[in-house]
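Since the structure comes first, as structure tokens, the remarks are kept for the end.
2 protein chains.
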Amino acid sequence: MSPSGNTRRLVVIGGVAAGMSAAARARRLDPELEIVVYERTGYLSYGSCGLPYFIAGVVRKATDLIARTPEQFGKQGIETHTHHEVTEVDTAAKMIKVRDLVEGRGFSVQYDKLVIATGGRAIRPPIPGVDLEGVFVLRTVEDGLAVSRFMREEKPRRGVIVGGGYIGVEVAEAFRQRGLETVLLNRPAQLLNNFDPEIAQMMQTELERSGVTVSVDDAAVAIEGDATGRARVVVTQRGRYETDLVLVGAGVRAEALLAGEAGVALGFKGAIAVDEGMHTSVPDVYAAGDCAETYHVLLQGPSYVPLGTTANKQGRAAGTNAAGGEEVFRGVVGTTVTKAFELGAAVTGLTEKAAIQSGLSPKAVTIEHGTRAHYYPSPGRIHVKLVWDPGNGRLLGAQIAGPVAEAKRIDVFATALHHDLTIEDLQRLDLGYAPPFAPVWDPILVAANVAAKS
Amino acid sequence: MSPSGNTRRLVVIGGVAAGMSAAARARRLDPELEIVVYERTGYLSYGSCGLPYFIAGVVRKATDLIARTPEQFGKQGIETHTHHEVTEVDTAAKMIKVRDLVEGRGFSVQYDKLVIATGGRAIRPPIPGVDLEGVFVLRTVEDGLAVSRFMREEKPRRGVIVGGGYIGVEVAEAFRQRGLETVLLNRPAQLLNNFDPEIAQMMQTELERSGVTVSVDDAAVAIEGDATGRARVVVTQRGRYETDLVLVGAGVRAEALLAGEAGVALGFKGAIAVDEGMHTSVPDVYAAGDCAETYHVLLQGPSYVPLGTTANKQGRAAGTNAAGGEEVFRGVVGTTVTKAFELGAAVTGLTEKAAIQSGLSPKAVTIEHGTRAHYYPSPGRIHVKLVWDPGNGRLLGAQIAGPVAEAKRIDVFATALHHDLTIEDLQRLDLGYAPPFAPVWDPILVAANVAAKS
């Protein structure tokens with residue numbers, strides 16, 4: 179298949195967040211461009227981060243996670259092919275090899291511009307039994323459907339989650355909501371490794387309060403099956419956990435094998451190296467989303483932060499540039515937010531431990547404060563931790579733990595980090611005040627005032 | 179009364195938000211300073227902005243609005259006198275005259291430093307009948323108690339509110355929550371004058387949906403009483419509204435008469451003129467809170483924005499400087515937030531109309547968007563209006579209307595305004611994303627993206 183006449187062709191490998199953002203953006207900028215997307219799984223344009231809420235039953239159907247259908251993309255003039263895996267990229271010939279996973283046939287396609295958006299791959303730790311029946315990861319719609327089908331058909335009473343990152347914490351909530359006896363195992367001594375320990379501890383306490391058995395500093399070493407090959411026991415350094423269902427949430431790695439084999443340079447943590455314009459090391463080849471590295475504004479260098487919101491922004495920039503426009507992605511400050519049960523937790527910038535690890539000598543304070551005027555009914559108190567450079571007063575990072583809806587206050591700190599605000603700058607902010615919204619000194623101002631005094 | 183020996187004395191006139199902030203701050207900085215506060219009403223340190231919620235019954239007792247008691251201030255070494263009115267300030271002699279309103283006697287007090295925090299005064303429009311029984315304003319704890327007593331004893335079935343600013347809107351909600359037939363009259367054609375009309379209209383719709391009769395572009399011209407001298411009818415340009423209770427929410431004016439008579443320079447809208455350090459035109463005399471003007475960062479000049487949060491910040495700066503420290507108050511960007519029933523509304527910076535009035539040629543867009551991932555249960559959609567300068571892309575202001583808790587997203591825009599962020603800067607913000615918190619493109623980013631395209 180080659181472009182007909184003078185029509186230029188954009189090929190996008192991967193049709194989830196970054197890939198479809200790139201395709202949609204390119205279409206808006208260039209109505210003439212031929213745009214073809216190949217997606218290995220059976221679904222396009224879905225919100226992977228919604229899968230725990232599908233497991234929980236909060237989202238009814240897995241297909242509810244889909245933002246736009248192939249038909250909708252078709253109407254935009256974007257040709258999409260699910261169950262199509264790209265097996266090889268020849269950047270010299272500007273040609274890819276595609277395998278139709280349903281028909282079992284292969285073919286080649288030429289491109290003028292190529293966006294690689296192959297996403298991330300759920301890590302399966304190399305322990306015995308990790309491939310037994312009843313052991314799942316949660317990354318694709320198919321993964322979600324597999325867990326859901328297993329729960330419906332096998333009616334598990336007990337679930338063990340291996341890994342206490344976001345997915346682990348969110349699935350722990352989901353399992354409890356589905357009535358499972360739930361164990362959360364975490365190899366490091368704290369959950370949510372991108373928080374400082376005392377904030378992560380609040381999440382652990384919330385999980386335990388809600389009936390989740392949490393075992394930290396405890397690595398799974400094997401999964402034992404029964405005679406039918408079904409997972410039955412997770413063996414850890416500290417004990418044995420009988421179970422009917424195992425969910426592995428051991429993190430995500432960039433799916434960059436295809437790019438690497440094609441000679442595209444890889445960077446941080448093996449993710450595809452990109453510049454501000456999402457150009458790779460190879461002309462006319464762009465990368466975006468969980469397969470690519472992400473520039474970190476505070477670390478002033480590449481990082482790996484696989485998140486849907488970043489994937490969309492990167493995809494947008496890649497699509498613009500692939501279509502001949504000009505757009506840059508300036509990077510992230512490392513903002514993430516999660517919840518379990520009644521607790522929301524958010525972080526932006528550097529944690530205290532990350533700041534120390536990167537050679538800084540930060541100061542830090544944590545305050546606890548009300549979230550409404552003291553006389554107004556309140557959803558509860560909030561913890562705010564600030565990390566700053568005592569040399570110049572510059573904010574380095576912030577963390578929040580408190581009532582779910584309050585965690586979005588992190589966005590003020592994210593904005594501050596993008597623009598080098600100091601603690602003194604924070605103290606001066608004219609933030610919204612009325613009794614139903616905040617105390618007369620907003621917790622953000624209280625934290626800044628305490629930091630200024632310390 | 180004069181200071182004993184070498185002890186220096188700080189006198190504070192007015193013991194609510196700004197006054198008590200100044201006193202508390204001065205005490206922390208200078209443990210030796212004698213600090214005396216005179217407050218005309220019977221209550222100190224109360225949240226005036228909580229009064230509508232006391233009327234609503236959301237706050238049980240009026241005294242719940244009090245943050246700290248005279249005893250608590252006493253333990254800090256702050257001497258407080260309620261029911262004491264300062265009737266004269268002699269800045270040459272550094273002497274004030276005080277009247278004990280309970281005992282009926284007067285006396286003089288010398289000061290080394292003076293903080294004037296006389297607050298604001300509820301405007302009573304000069305219409306016939308405004309002093310009838312059953313006509314109230316809502317400013318002091320005593321005002322709240324008077325309305326509450328009237329409601330308990332007279333069991334009004336109908337209430338008319340004159341004025342559709344914050345107080346009017348919040349009291350309309352309170353009246354409905356107490357089961358009153360409620361009419362809200364507003365002289366201008368839109369409620370909430372510091373919003374643009376289309377956002378104010380959303381608040382009007384929400385009030386009407388909740389059973390409030392709203393009449394805009396309709397001035398009250400008289401209040402008619404019955405034979406016992408009790409208000410019974412509010413007569414407007416457009417009609418007659420029978421009622422059992424009238425609440426006048428016609429705005430607040432700076433209570434600056436005392437300062438003016440003492441020769442302290444008055445400024446914007448008759449409020450006391452102050453610099454960054456809350457110094458007045460007279461040495462050793464400071465002013466803070468609703469009696470003083472407020473520097474507006476966007477207008478680059480004085481404004482009058484009587485709000486509790488500003489009063490506290492100004493009071494803090496005045497207290498620091500009166501105690502010999504150094505602190506500046508850099509001003510406001512005009513952030514305010516309010517709610518009625520299920521709708522929250524917030525504004526920061528300049529509205530489109532205010533920008534035009536101040537000679538700018540702004541552009542503006544308003545978007546409507548979801549507040550959670552499309553598949554996640556949502557509290558509802560949000561409207562975000564952005565106003566910016568097309569010449570340099572700089573944000574001039576933002577407004578939000580939507581589910582109550584979402585209105586605090588305004589704080590991101592407030593932070594942006596303090597630091598001259600552009601629409602492009604907003605597009606790049608790494609805001610918190612997870613399905614229970616936001617869509618993958620946060621409404622703030624969506625609004626910025628739409629603005630960038632327009």
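Taken in order, these protein sequences are the chains called P and W.
Note that the first sequence covers residues 179 to 632 in our numbering.
Note that the second sequence covers residues 179 to 632 in our numbering.
C-beta atoms are modelled at their ideal positions from N, C-alpha and C, and glycine is treated no differently.
Quick caveat: nothing in here was measured; it's all calculated off a predicted structure.
So who's on the other strand from residue i, going by DSSP bridges?
i, result
"Met273 (chain W)", "W:Asp268 and W:Gln288"
"Val412 (chain W)", "W:Ile401 and W:Tyr419"
"Asp278 (chain W)", "W:His262"
"Gly147 (chain W)", "Only positions 179 to 632 of chain W appear in the structure, and residue 147 (chain W) is not among them; the question remains open."
"Pro634 (chain P)", "Any property of residue 634 (chain P) remains undetermined from this structure, which presents chain P solely from 179 to 632."
"Asn364 (chain W)", "W:Val394"
"Gly522 (chain W)", "W:Lys517 and W:Gly580"
"Ala465 (chain W)", "W:Ile294"
"Leu444 (chain W)", "W:Ile450"
"Glu359 (chain W)", "W:Arg336"
"Tyr224 (chain W)", "W:Ile244"
"Val510 (chain P)", "P:His474"
"Val426 (chain W)", "W:Val340"
"Arg387 (chain P)", "Arg387 (chain P) is not bridged to any residue."
"Glu376 (chain W)", "Looking at the DSSP assignment, Glu376 (chain W) forms no beta bridge with any residue, so it has no partner."
"Gly158 (chain P)", "As displayed, chain P neither begins before 179 nor continues past 632, which places residue 158 (chain P) out of reach and without an answer."
Would you say residue i and residue j are within 8 Å of each other, going by their C-beta atoms?
i, j, result
"Tyr221 (chain W)", "Val276 (chain W)", "no"
"Gly509 (chain W)", "Thr458 (chain W)", "no"
"Ser632 (chain P)", "Lys541 (chain P)", "yes"
"Phe591 (chain P)", "Leu574 (chain P)", "no"
"Val392 (chain P)", "Leu362 (chain P)", "yes"
"Thr549 (chain W)", "Gly558 (chain W)", "yes"
"Leu310 (chain P)", "Gly407 (chain P)", "yes"
"Leu425 (chain P)", "Ile339 (chain P)", "yes"
"Val236 (chain W)", "Pro555 (chain P)", "yes"
"Arg431 (chain W)", "Gly298 (chain W)", "yes"
"Lys531 (chain P)", "Asp374 (chain P)", "yes"
"Leu476 (chain W)", "Leu595 (chain W)", "yes"
"Ala451 (chain P)", "Ala443 (chain P)", "yes"
"Phe446 (chain P)", "Ser481 (chain P)", "yes"
"Ala518 (chain W)", "Met381 (chain W)", "yes"
"Thr529 (chain P)", "Gly571 (chain P)", "no"
"Glu257 (chain P)", "Val214 (chain P)", "yes"
"Thr360 (chain W)", "Thr219 (chain W)", "no"
Quick test of your reading: residue i and residue j, contact by CB under 8 Å. State the CB separation rounded to the nearest angstrom.
i, j, result
"Val648 (chain W)", "Thr516 (chain W)", "In the structure displayed, chain W extends from 179 to 632; residue 648 (chain W) sits before or after that span and is not available."
"Val413 (chain W)", "Glu420 (chain W)", "About 10 Å separates the two Cβ atoms, so there is no contact after all."
"Thr514 (chain W)", "Asn372 (chain W)", "7 Å"
"Gly192 (chain P)", "Ala295 (chain P)", "4 Å"
"Ile233 (chain W)", "Gly429 (chain W)", "In fact, because the Cβ distance is near 18 Å, the residues do not count as touching under 8 Å."
"Ala204 (chain P)", "Gly467 (chain P)", "No, Ala204 (chain P) and Gly467 (chain P) are not in contact; Cβ-Cβ is about 15 Å, not under 8 Å."
"Val543 (chain W)", "Gly512 (chain W)", "Actually they are not in contact, since the Cβ atoms of Val543 (chain W) and Gly512 (chain W) sit about 20 Å apart, beyond 8 Å."
"Ser226 (chain P)", "Val194 (chain P)", "7 Å"
"Leu385 (chain P)", "Ala350 (chain P)", "6 Å"
"Tyr289 (chain P)", "Leu211 (chain P)", "Not confirmed; about 11 Å, so no contact."
"Val280 (chain P)", "His261 (chain P)", "5 Å"
"Gly337 (chain W)", "Ile401 (chain W)", "Contact doesn't hold; Cβ gap of about 13 Å is too wide."
"Val634 (chain P)", "Thr269 (chain P)", "Within the shown structure, residues of chain P are numbered from 179 to 632, placing residue 634 (chain P) beyond reach of any answer."
"Ala583 (chain W)", "Ile377 (chain W)", "About 17 Å separates the two Cβ atoms, so there is no contact after all."
"Ala245 (chain W)", "His597 (chain P)", "Ala245 (chain W) to His597 (chain P), Cβ: 33 Å. No contact."
"Pro621 (chain W)", "Ile545 (chain W)", "7 Å"
For this session: Run through the segment 542-616 of chain W for me and flag every whole beta strand (DSSP E) of 3 or more residues, listed as ranges in chain order.
Result: 560-566 and 573-581
Problem set entry | contact_flag[the segment 437-455 of chain W, the segment 332-349 of chain W] where n(CB pairs < 8 Å) is 3 or more | no
Exercise. Could you give the uninterrupted runs of the beta strand (DSSP E) lying entirely in the segment 293-340 of chain P, keeping only those of 3 residues or more?
Worked result: 298-300 and 336-340
Problem set entry | Segment contact, 8 Å Cβ cut-off, at least three pairs: the segment 197-213 of chain P with the segment 484-493 of chain P | yes
For this session: Take every Cβ of the segment 520-532 of chain P, pair it with every Cβ of the segment 303-314 of chain P, and state whether three or more of those distances are shorter than 8 Å.
Result: no
Problem set entry | Secondary structure, beta strand (DSSP E): runs of 3+ residues fully inside the segment 179-220 of chain W | Correct list: 187-191 and 212-216.
Exercise. At a cut of 8 Å, does the segment 623-631 of chain W reach the segment 555-571 of chain W through at least three beta carbon pairs?
Worked result: yes
Problem set entry | Validate contact between the segment 600-612 of chain P and the segment 604-613 of chain W using beta carbons, cut 8 Å, 3 pairs | no
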